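Below: one structure, written as structure tokens.
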Amino acid sequence: MFTQIMVPVDLGHVDRLGKALKCAADLARLYKIPVVYAAVSTALPGKIAHTPVEFSDRLASFAAGQADAEGIETGAHAIFSHDPAVDLDPALIKAAGEIGADLIVMASHIPNLMDYVWPSNGGTIAGHSKASVFVVRM
Amino acid sequence: MTDETAGIPEPEGPADLIETDYEIGQDNLEGSVGPLGFDIHNPVFMVSALTIVVFVFYALVFQEQATAAFGALRPWLTSTFNWFFLGAANIFVLFCLVLIVSPWGAVRLGGRDATPDYTYAGWFAMLFAAGMGIGLMFFGVLEPVYHMAVSEPLGVPSPFAEDGSIIAANVDAAKRMGLAATIFHWGLHPWAIYAIVALALALFSFNKGLPLTIRSAFYPIFGEKVWGWTGHVIDTLAVFATLFGLATSLGFGAQQANAGLEHVFGVPNNVEVQVLLITLITAIALISVLRGLDGGVKVLSEINMGLAALLLLFVLLVGPTLTILSDFGAGLVTYVADLAAFSNPIGREDTSYMNGWTAFYWAWWISWSPFVGMFIARVSRGRTVREFVICVLIIPSLVCVLWMAVFGGTAIDQVLTDPAGSAVKANVIDSYSPEMSLFAMLEGLPMSGLTSTLGIVLVIVFFVTSSDSGSLVIDTITAGGKVDAPVPQRVFWCTFEGAVAIVLLLGGGLAALQAMVISTGLPFTIVLLMMCVAIAKGLASEPR
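As they're listed, the protein sequences go chains Y and W. Each residue of the first sequence is one higher than the one before, starting from 57 at the first, in this note's numbering. Each residue of the second sequence is one higher than the one before, starting from 66 at the first, in this note's numbering.
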């Protein structure tokens, strides 16, 4: 049914992604397809990494860890943006196209009042991506 | 180095990362207030925000004392420390020139294999719009005319006799000096100041792996202490200078735009209209920061540069083209020939020019340098030091020269050709109404209604581009160097800045706070001198 899953991850808050990661792994096993973990960062030094190369390495080792833990085929796709706080959604939508993902599994917070002002990432991506989107509540 | 960040790979090609125990964001408070998330540096965010509230309160409640205290502070600073400001600015220019010709120029920001993030056009538009766009609108006509006729730089006499008649023998030298004296304030020196700050931040962030905040540039000097109170003070001062600089400029910009609207459309010139203008500018800046660096700030900067180029081309072609072009050449030659005399910090007799203008400008550029420098740093990754310094120093200087020659040259021509009928002479020389000078010059050209409207739009959009980039800079500093802090934070700073401007406009105190911002130029001059040492140390250890 699907050929590739993309899972957006925030390496700073992996603890909040448990359900989404598990869901993606289950679906990957069900359809025997790979999962690509996508993360958006900036070229500037940040909490996760000091450089783009270091960030890509960290994401790759996260993906490798998931492959070992879940017994699935995984990949990593690091995206660098000038302004990740704002460019996150379009960057992820573009990434799904680039890596050929037809299913996006992503964690999203429980909706609150602020979603009327700043729509959630999951909602925006589901509204604009050509891929199917599975939003998993945190 | 924590276990999690041990074994950092090279940036992009060889670079010299600084090994520090500090983890970016380790002092940040992360959480949410209701549905709003935040990720702020403790204590820089709280101390800056509270200090700003306290100072606004002081400027409002004790307005007379504040105006008296800070009003007297500015002339005292510029006349007492003129030698220091002029001497330091000369050091910055020389240091930049050394960087261009030395082997350090080969170091690439972001690692040896890094590629530039922005094209030349986008990069240049952003650094220019943040750097001095609005000043060109305000001073482009005012300053050349004023220096030609009133301030007598380097003792070159005015072409006007006391009875208002023209002294033909003085005209040529005064014209050249008017432009050259202006170019001096908008040429190599201010851009060298910005280049030093921007280079220090870019080097220590992109190549050394330190957070993008002002304190990082002091790591080679203070070591691990920059993560403590020393660094908190440096960052807080930078936030303070940036926010007040922006808020007071926003207030004065609204007054200038209002003067233009009154001149062209007969809109009443009062506080209510100015509050509406600040609200409008803040609203557009908010949209811009919400659209981000690429979708908002860059797009607006490019639109702005396009509109400014249109106005420049119009004045160049419709104005006295040949005179402008010959003034451009003559002004530039005089600037180069008299550069040493203009830069001389001691034994000068033209104190009205040196203290009232040059020392004031140097203090002003230096107090703005954390903001502009940080913004330039953020968009300059992938350039070599040589390319960076040449582009930040030489090209904007030449554009400023051209702008001053076109606007100032046209205005000077109007003043000298028809002194009695010149609106510029009436608004700059006879009575001093600086906010009217641009519109007065445009009045002497065809289609003045249209071009003045374009002028008003440019004044407004230049303020938007300062306001949005300033909000991003303050947000980054108060988030401990993180550029991906929750979006509501940048909304907070952008709105706060507009609110401070409105409160000061309604309650008074804008002038007092602007004088205070300029006074931050003095400590920052020392900070910048230390930055030169830090850059030299940082570049010396960097692979080329």
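Just so it is clear, CB atoms sit at the ideal spot from N, CA and C, and this is done for glycine as well. Remember, predicted model here, so these are calculated numbers, not experimental data.
Task: chain Y contact residues for W/R448, given Cβ-Cβ distances below 7 Å - done: Translated into positions along the second sequence, residue 448 of chain W becomes position 383. Against chain Y, a Cβ distance below 7 Å from W/R448 picks out nothing, because the smallest value is about 13 Å.
Open item on the list: DSSP three-state label for W/D104, please.
Closed with: As a position in the second sequence, residue 104 of chain W is number 39, starting the count at 1. In the three-state scheme derived from DSSP, where H, G and I count as helix and E and B as strand, W/D104 is classed as strand.
Open item on the list: Run through chain Y and tell me which residues come within less than 8 Å of W/L355, C-beta to C-beta.
Closed with: As a working mapping, residue 355 of chain W is identified with position 290 in the second sequence. Contact of W/L355 with chain Y by beta-carbon distance below 8 Å involves V142.
- [ ] Quick one: using the 10 Å Cβ neighbour count with 16 as the cut-off for buried, is W/D300 buried or exposed?
- [x] The sequence position of residue 300 of chain W within the second sequence is 235, counting from 1. By the Cβ-count criterion, W/D300 is buried, with 16 or more other Cβ atoms from all chains shown falling within 10 Å of its own Cβ.
Open item on the list: Taking contact to mean 3 or more Cβ pairs, one atom from each stretch, closer than 8 Å, check whether the stretch 466-481 of chain W and the stretch 500-509 of chain W are in contact.
Closed with: In this structure the stretch 466-481 of chain W touches the stretch 500-509 of chain W; the number of beta carbon pairs closer than 8 Å is three or more.
Task: Near-chain W residues of the stretch 122-139 of chain Y - C-beta to any C-beta below 7 Å - done: Listed in sequence order: H138 and D139.
- [ ] Using only alpha-carbon positions, find the residue among W/V298, W/F146 and W/F287 that is nearest to W/I542.
- [x] Within the second sequence, the letter at position 477 stands for residue 542 of chain W. Comparing alpha-carbon positions, the option among W/V298, W/F146 and W/F287 lying closest to W/I542 turns out to be W/V298.
Open item on the list: Less than 7 Å between the beta carbons of W/T313 and W/L587, yes or no?
Closed with: Residue mapping note: residue 313 of chain W aligns to position 248 of the second sequence, counting from 1. Residue mapping note: residue 587 of chain W aligns to position 522 of the second sequence, counting from 1. Against a cut-off of 7 Å, the Cβ pair of W/L587 and W/T313 comes out as no contact.
Open item on the list: On a Cα-Cα basis, can you pick out the residue from W/D495, W/A324, W/F127 and W/E607 that is closest to W/F203?
Closed with: Start at 1 with the first residue of the second sequence, and residue 203 of chain W comes out as number 138. Nearest C-alpha to W/F203 among W/D495, W/A324, W/F127 and W/E607: W/A324.
Open item on the list: Quick check on W/M23: does DSSP put it in helix, strand or coil?
Closed with: What is shown of chain W runs 66 to 609, which leaves residue 23 of chain W out entirely.
Open item on the list: Please state whether the Cβ-Cβ distance between W/D248 and W/G396 is less than 7 Å.
Closed with: Counting from 1 along the second sequence, the entry for residue 248 of chain W is found at position 183. Counting from 1 along the second sequence, the entry for residue 396 of chain W is found at position 331. Looking at the sequence provided, one finds Ile at residue 248 of chain W rather than Asp. Yes, the Cβ-Cβ distance between W/I248 and W/G396 is below 7 Å.
Task: Under 8 Å from the C-beta of W/K547: neighbouring residues of chain Y - done: One-based indexing of the second sequence puts residue 547 of chain W at position 482. Simply G102 and K103.
- [ ] Report the rounded CA-to-CA distance for Y/A119 versus Y/A157, giving the unit in angstroms.
- [x] On the first sequence, residue 119 of chain Y is found 63 positions in, with the first residue counted as 1. On the first sequence, residue 157 of chain Y is found 101 positions in, with the first residue counted as 1. Each residue's alpha carbon lies about 16 Å from the other.
TODO: State the Cα-Cα distance for the pair W/L264 and W/V450, rounded to the nearest angstrom.
DONE: What you label residue 264 of chain W is simply residue 199 of the second sequence in a count that begins at 1. What you label residue 450 of chain W is simply residue 385 of the second sequence in a count that begins at 1. Near 8 Å, if we compare the C-alpha coordinates of W/V450 and W/L264.
Task: For Y/F190, the first and last residue of its enclosing beta strand (DSSP E) - done: Within the first sequence, the letter at position 134 stands for residue 190 of chain Y. Per DSSP, Y/F190 belongs to the beta strand (DSSP E) from S188 to R193.
TODO: Check whether the Cβ atoms of W/A153 and W/I494 sit closer than 7 Å, and answer yes or no.
DONE: Position 88 of the second sequence, counted from the first residue, corresponds to residue 153 of chain W. Position 429 of the second sequence, counted from the first residue, corresponds to residue 494 of chain W. Cβ distance not < 7 Å, so W/A153 and W/I494 don't count as in contact.
- [ ] Classify Y/V96 as helix, strand or coil using the three-state DSSP reduction.
- [x] For the purposes of this step, residue 96 of chain Y is identified with residue 40 of the first sequence, where counting begins at 1. If DSSP states are grouped into helix, strand and coil, Y/V96 belongs with the strands.
Task: C-alpha gap between W/F472 and Y/D171, whole angstroms - done: Translated into positions along the second sequence, residue 472 of chain W becomes position 407. Translated into positions along the first sequence, residue 171 of chain Y becomes position 115. Answer to the nearest angstrom: the Cα atoms are 49 Å apart.
TODO: State the DSSP-derived secondary structure class of W/R173, mapped to helix, strand or coil.
DONE: Residue mapping note: residue 173 of chain W aligns to position 108 of the second sequence, counting from 1. W/R173 falls in the strand class under three-state DSSP.
- [ ] Taking a Cβ distance cut-off of 8 Å, strictly less, list which residues of the stretch 251-284 of chain W are near chain Y, in chain order.
- [x] Those residues of the stretch 251-284 of chain W that come within reach of chain Y (Cβ to Cβ, closer than 8 Å) are S270, F271, G274, L275, P276 and L277.
TODO: Give the range of the beta strand (DSSP E) segment to which Y/I61 is assigned.
DONE: One-based indexing of the first sequence puts residue 61 of chain Y at position 5. Segment I61 to P64, the beta strand (DSSP E) holding Y/I61.
Open item on the list: Quick test of the definition: if touching needs 3 or more C-beta pairs under 8 Å, does the stretch 181-188 of chain Y touch the stretch 84-100 of chain Y?
Closed with: Touching, no.
Open item on the list: Using 8 Å for Cβ pairs, my map puts W/A566 next to W/G252. What's the rounded Cβ distance?
Closed with: Residue numbering aside, residue 566 of chain W sits at position 501 when the second sequence is read from its first letter. Residue numbering aside, residue 252 of chain W sits at position 187 when the second sequence is read from its first letter. With a Cβ gap of about 30 Å, W/A566 and W/G252 do not count as contacting.
Task: Whole-angstrom C-beta distance between W/A124 and W/L266, which should lie under 8 Å - done: Position 201 of the second sequence, counted from the first residue, corresponds to residue 266 of chain W. Position 59 of the second sequence, counted from the first residue, corresponds to residue 124 of chain W. Between W/A124 and W/L266 the Cβ distance is about 30 Å, and since that is not below 8 Å, they are no contact.
- [ ] Could I get the ranges of all uninterrupted alpha helix (DSSP H) runs contained in the stretch 117-177 of chain W, with 4 residues as the minimum, in chain order?
- [x] Those alpha helix (DSSP H) runs which fall completely within the stretch 117-177 of chain W and span 4+ residues are 128-145 and 147-166.
Open item on the list: To the nearest angstrom, how far is the alpha carbon of W/L481 from that of W/S223?
Closed with: Within the second sequence, the letter at position 416 stands for residue 481 of chain W. Within the second sequence, the letter at position 158 stands for residue 223 of chain W. Straight-line spacing of the CA atoms in W/L481 and W/S223 works out to 12 Å.
Open item on the list: In this structure, how does DSSP classify Y/Q133 when only helix, strand and coil are distinguished?
Closed with: Taking the first residue of the first sequence as position 1, residue 133 of chain Y is located at position 77. Correcting the residue type first, residue 133 of chain Y is His in the shown sequence and not Gln. The answer is strand: DSSP assigns Y/H133 an E or B state.
- [ ] Give the residues from the stretch 83-100 of chain Y that approach chain W closer than 7 Å (Cβ to any Cβ), ordered along the chain.
- [x] When C-beta distances to chain W are compared with 7 Å, the residues of the stretch 83-100 of chain Y below that value are T98, A99 and L100, in chain order.
Task: Whole-angstrom distance between W/V236 and W/E562, CA atom to CA atom - done: Your numbering for residue 562 of chain W matches position 497 in the second sequence. Your numbering for residue 236 of chain W matches position 171 in the second sequence. So the two alpha carbons sit approximately 45 Å from each other.
Open item on the list: Suppose you measure from the CA of W/A238 to the CA of W/L387; what does that come to, to the nearest Å?
Closed with: Stepping through the second sequence from its first residue, residue 238 of chain W is reached at position 173. Stepping through the second sequence from its first residue, residue 387 of chain W is reached at position 322. Their backbone Cα atoms lie some 18 Å apart in a straight line.
Open item on the list: Is W/L315 close to chain Y? Criterion is C-beta to C-beta, closer than 7 Å.
Closed with: Indexing the second sequence from 1 puts residue 315 of chain W at position 250. Residue contact with chain Y for W/L315: absent (no Cβ-Cβ distance below 7 Å to any residue of chain Y).
Open item on the list: Taking the alpha-carbon of W/V112 as reference, which of W/A580, W/V556 and W/A544 has the nearest alpha-carbon?
Closed with: Position 47 of the second sequence holds residue 112 of chain W. Closest option to W/V112, Cα to Cα, is W/A544.
Open item on the list: Can you pull the chain Y neighbours of W/P551, defined as C-beta to C-beta under 8 Å?
Closed with: Here residue 551 of chain W is taken as the residue at index 486 of the second sequence, counted from 1. Annotation: Cβ neighbours of W/P551 in chain Y (cutoff 8 Å, chain order): A141.
Task: Contact check, W/G573 vs W/Q128, beta carbons under 7 Å - done: The count along the second sequence starts at 1 and reaches residue 573 of chain W at position 508. The count along the second sequence starts at 1 and reaches residue 128 of chain W at position 63. Between W/G573 and W/Q128, the C-beta gap is smaller than 7 Å, which places the two residues in contact.
- [ ] Output yes if chain W places a C-beta closer than 7 Å to the C-beta of Y/H106; else output no.
- [x] One-based indexing of the first sequence puts residue 106 of chain Y at position 50. Interface annotation, Y/H106: in contact with chain W, CB-CB separation under 7 Å.
- [ ] Quick one: which unbroken alpha helix (DSSP H) runs of 4-plus residues sit fully inside the stretch 532-596 of chain W? Chain order, please.
- [x] Uninterrupted alpha helix (DSSP H) stretches at least 4 residues long and entirely within the stretch 532-596 of chain W occur at 552-572 and 575-584, given in chain order.
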